[in-house]
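Residues 69 to 310 in our numbering are what the sequence shown lists, from first letter to last.
Cβ atoms here follow ideal geometry from the backbone N, Cα and C, with glycine treated the same way.
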Amino acid sequence: MTSTLRHATQKQLHQQGFLHLPAADAKAWLQPYGLRDWESFATSWNHLGMDRYMADNGRYRRRRYGTFSINKGQITRKEHQPHYQSRDYNLLNGGVERWFNPIEEAICAHPALQAILKASAVVANQLTQDHARPASWHVEVHQFRIEAATDAAGRPTPEGMHRDGVDWVFVFMINRINIREGVTSIHALDKETQLGSFTLKDPLDTAIVNDHRVYHGVTPVEPEDPTKPAYRDVLVVTLRYE
Numbered sequence: 069m070t071s072t073l074r075h076a077t078q079k080q081l082h083q084q085g086f087l088h089l090p091a092a093d094a095k096a097w098l099q100p101y102g103l104r105d106w107e108s109f110a111t112s113w114n115h116l117g118m119d120r121y122m123a124d125n126g127r128y129r130r131r132r133y134g135t136f137s138i139n140k141g142q143i144t145r146k147e148h149q150p151h152y153q154s155r156d157y158n159l160l161n162g163g164v165e166r167w168f169n170p171i172e173e174a175i176c177a178h179p180a181l182q183a184i185l186k187a188s189a190v191v192a193n194q195l196t197q198d199h200a201r202p203a204s205w206h207v208e209v210h211q212f213r214i215e216a217a218t219d220a221a222g223r224p225t226p227e228g229m230h231r232d233g234v235d236w237v238f239v240f241m242i243n244r245i246n247i248r249e250g251v252t253s254i255h256a257l258d259k260e261t262q263l264g265s266f267t268l269k270d271p272l273d274t275a276i277v278n279d280h281r282v283y284h285g286v287t288p289v290e291p292e293d294p295t296k297p298a299y300r301d302v303l304v305v306t307l308r309y310e
């Protein structure tokens with residue numbers, strides 16, 4: 069990423085509270101941090117476990133989960149733990165400890181994930197005011213696959229327009245196979261005023277969100293060809309003060 073592009077993206081994030089970064093720009097941003105071997109990284113989405121905590125009784129979401137600490141660029145994986153959100157932030161599935169399959173060791177150490185974590189922490193540090201910047205970030209990493217069928221659309225954000233209760237949210241497109249829709253919408257804190265919308269389509273299309281300033285949500289996905297598998301794979305990385 070050139071210094072001019074870096075300045076422009078940081079300015080937009082500062083002014084609007086969110087950013088849609090096209091794949092080519094995201095790749096240029098991540099490569100200096102060691103991004104490589106993308107195919108083997110993306111293939112790991114074929115090995116996710118079913119999310120059994122869906123209060124809407126859906127069986128359309130597969131996932132793995134892991135937590136890390138990032139301190140001065142050093143990434144440390146934490147002991148496996150449950151994912152927890154209060155019902156203030158997730159009315160549908162919040163209020164309970166949710167235990168998901170851990171992210172595989174090989175993926176935790178994968179250069180693609182390591183690059184994403186390092187780069188995300190740098191952005192968070194640069195855009196967090198000095199008095200609010202932590203010495204260490206608590207990082208949660210989610211591998212998601214949302215599956216779609218003709219009789220059951222897949223819902224990337226079943227909780228609707230929401231915030232995650234963190235400081236920063238990074239969403240990286242991994243793959244879209246045989247689906248339509250899946251439009252990301254960004255709203256102001258009144259939940260009514262739409263600030264922007266876009267669709268993550270290509271691998272590495274990226275959304276960056278200041279969770280204090282905006283709400284975000286994604287429309288359900290449906291299969292284009294009902295006779296073939298249809299799914300949306302994303303990586304979600306959140307950072308909050310530790």
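message: Please state the DSSP three-state secondary structure of tyrosine 283.
response: strand
field: Every unbroken beta strand (DSSP E) within the region 77-162, with a cutoff of 3 residues, ordered by chain
entry: 86-89, 129-139 and 142-145
task: Return the first residue and the last residue of the beta strand (DSSP E) that proline 291 is part of.
output: 289-291
task: Decide if proline 226 is buried, meaning its Cβ has at least 16 other Cβ atoms within 10 Å, or exposed.
output: buried
- prompt: Whose C-alpha, out of Ala180, Gln84 and Gly163, is nearest the C-alpha of glutamine 99?
  reply: Ala180
- prompt: Can you tell which of Trp236, Asn193 and Ala221 has the C-alpha that lies nearest to the C-alpha of valine 304?
  reply: Trp236
Range covered by the alpha helix (DSSP H) that runs through valine 191: 179-195
message: What would DSSP say about alanine 220, mapped onto helix, strand or coil?
response: strand
- request: With DSSP as the reference, label aspartate 232 as helix, strand or coil.
  value: coil
- request: With distances taken Cα to Cα, identify the nearest neighbour of aspartate 273 among Asn169, Leu81, Ala91 and Gln83.
  value: Ala91
message: Could you tell me the alpha carbon to alpha carbon distance between leucine 257 and phenylalanine 240, rounded to whole angstroms?
response: 23 Å
- prompt: When burial is assigned at 16 or more other CB atoms within 10 Å of the CB, is glycine 141 buried or exposed?
  reply: exposed
- prompt: Is asparagine 243 closer than 8 Å to tryptophan 97 when the C-beta atoms are compared?
  reply: no
query: What residue does the alpha helix (DSSP H) around isoleucine 171 start on, and which one ends it?
result: Unbroken run through isoleucine 171: none, as it is neither H nor E.
message: Are the CB atoms of serine 188 and phenylalanine 314 within a distance shorter than 8 Å?
response: Examination of residue 314 is not possible in this model, given that the chain is present from 69 through 310 alone.
query: With distances taken between CB atoms, is the gap from aspartate 301 to arginine 213 smaller than 8 Å?
result: yes
task: Drop a sphere of 10 angstroms on the beta-carbon of threonine 135, count the other beta-carbons inside from all chains shown, and report buried for 16 or more, exposed for fewer.
output: buried
query: Roughly how many angstroms lie between the CA atoms of methionine 229 and tyrosine 283, to the nearest whole one?
result: 6 Å
Identified DSSP bridge partners for serine 253: Ser265 and Gly285
query: Can the beta-carbon of valine 289 be found less than 8 Å from the beta-carbon of isoleucine 245?
result: no
query: Counting along the chain, where does the beta strand (DSSP E) carrying threonine 295 start and finish?
result: Counting along the chain, threonine 295 falls outside any beta strand (DSSP E), and DSSP gives it neither H nor E.
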